[in-house]
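Quick notes on the structure that follows.
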Amino acid sequence: MVKATAPINDVQHVPYSDELPRDPQGRLLRLDFSMAGLPYSLVTVYAPASDEQAARAAFFNGPLRAALPEGRRILLGGDFNCVLEPADRSGGTSRSGGSEALAAVLDEHGLVDVWRVRHPGACGTRHISRNSSTQPQTP
Numbered sequence: 000m001v002k003a004t005a006p007i008n009d010v011q012h013v014p015y016s017d018e019l020p021r022d023p024q025g026r027l028l029r030l031d032f033s034m035a036g037l038p039y040s041l042v043t044v045y046a047p048a049s050d051e052q053a054a055r056a057a058f059f060n061g062p063l064r065a066a067l068p069e070g071r072r073i074l075l076g077g078d079f080n081c082v083l084e085p086a087d088r089s090g091g092t093s094r095s096g097g098s099e100a101l102a103a104v105l106d107e108h109g110l111v112d113v114w115r116v117r118h119p120g121a122c123g124t125r126h127i128s129r130n131s132s133t134q135p136q137t138p
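Going left to right, the sequence shown walks through residues 0 to 138 as numbering that gives the first Met the number 0 numbers them.
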């Protein structure tokens with residue numbers, strides 16, 4: 000949702016092409032637009048929830064990497080099904096599989112975890128296991 004008065008224009012869904020290869024499982028969506036005369040890409044992700052580290056790493060290194068454009072400001076969000084920081088994990092099984100691949104893609108594009116930047120060192124659980132009674136923590 001965007002406020003109707005937001006200075007957004009030139010909105011276009013990026014069709015599947017050589018630039019954005021088709022993800023057969025529909026785990027990616029990219030929308031390009033301009034705001035205040037600057038080019039943006041909004042990319043949403045639903046990474047594989049499989050416990051196989053290789054499946055998530057392959058997704059981050061393949062479809063996700065291909066969806067992140069050069070020369071545009073990138074807004075990336077979604078469910079990555081892994082955690083980058085141990086402080087963000089609570090209960091249940093570890094979801095670190097694929098974390099190194101995701102971190103490399105984020106670094107390659109100069110992307111940062113905004114919550115982590117604004118709350119360095121804080122325990123900010125954003126992964127809750129179904130088997131855990133832990134609730135999300137917010138500062």
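By construction, the Cβ of each residue, glycine as well, lies at the ideal position given by its N, Cα and C atoms.
The structure presented is a predicted model; accordingly, all values stated were derived computationally and were not measured.
Rounded straight-line distance, which links the Cα of residue j to that of residue i
i: V66; j: V42; result: According to the sequence displayed, residue 66 carries Ala and not Val. Near 7 Å, if we compare the C-alpha coordinates of V42 and A66.
i: V10; j: G36; result: 12 Å
i: D31; j: P68; result: 10 Å
i: F59; j: H118; result: 25 Å
i: R64; j: E107; result: 9 Å
i: A54; j: A100; result: 11 Å
i: V111; j: G120; result: 15 Å
i: G109; j: R29; result: 18 Å
i: A102; j: S40; result: 19 Å
i: P85; j: Q24; result: 29 Å
i: L169; j: L75; result: The requested residue 169 does not occur in the structure, where the chain is confined to residues 0 to 138.
Whether residue i touches residue j by CB criterion (8 Å)
i: S98; j: V116; result: no
i: I7; j: M34; result: yes
i: N80; j: A48; result: yes
Extent of the continuous beta strand (DSSP E) to which residue i belongs
i: V44; result: L37 to Y45
Cutoff 6 Å; reference residue i; Cβ partners in own chain excluding five residues on either side
i: P38; result: R71
i: Q134; result: Reliability of the predicted coordinates at Q134 is poor, the pLDDT of 48 falling under 50, and no value is obtained from them.
i: D50; result: none
Cβ neighbours of residue i in the same chain (closer than 7 Å, five flanking residues each side left out)
i: D22; result: P62
i: Y45; result: R26, G77 and D78
i: Q52; result: G96 and G97
Contact with chain D by residue i, beta-carbon distance below 8 Å
i: V113; result: Protein chains in the displayed structure number just one, and chain D is not present.
Limits of the unbroken alpha helix (DSSP H) element including residue i
i: F32; result: It is not in any alpha helix (DSSP H) - F32 instead sits in the beta strand (DSSP E) that spans L27 to M34.
i: R139; result: Only positions 0 to 138 of the chain appear in this structure, which leaves residue 139 out of reach.
i: L101; result: S98 to E107
Own chain residues within Cβ distance below 8 Å of residue i, not counting five before or after
i: V113; result: none
i: A5; result: M34
i: A3; result: none
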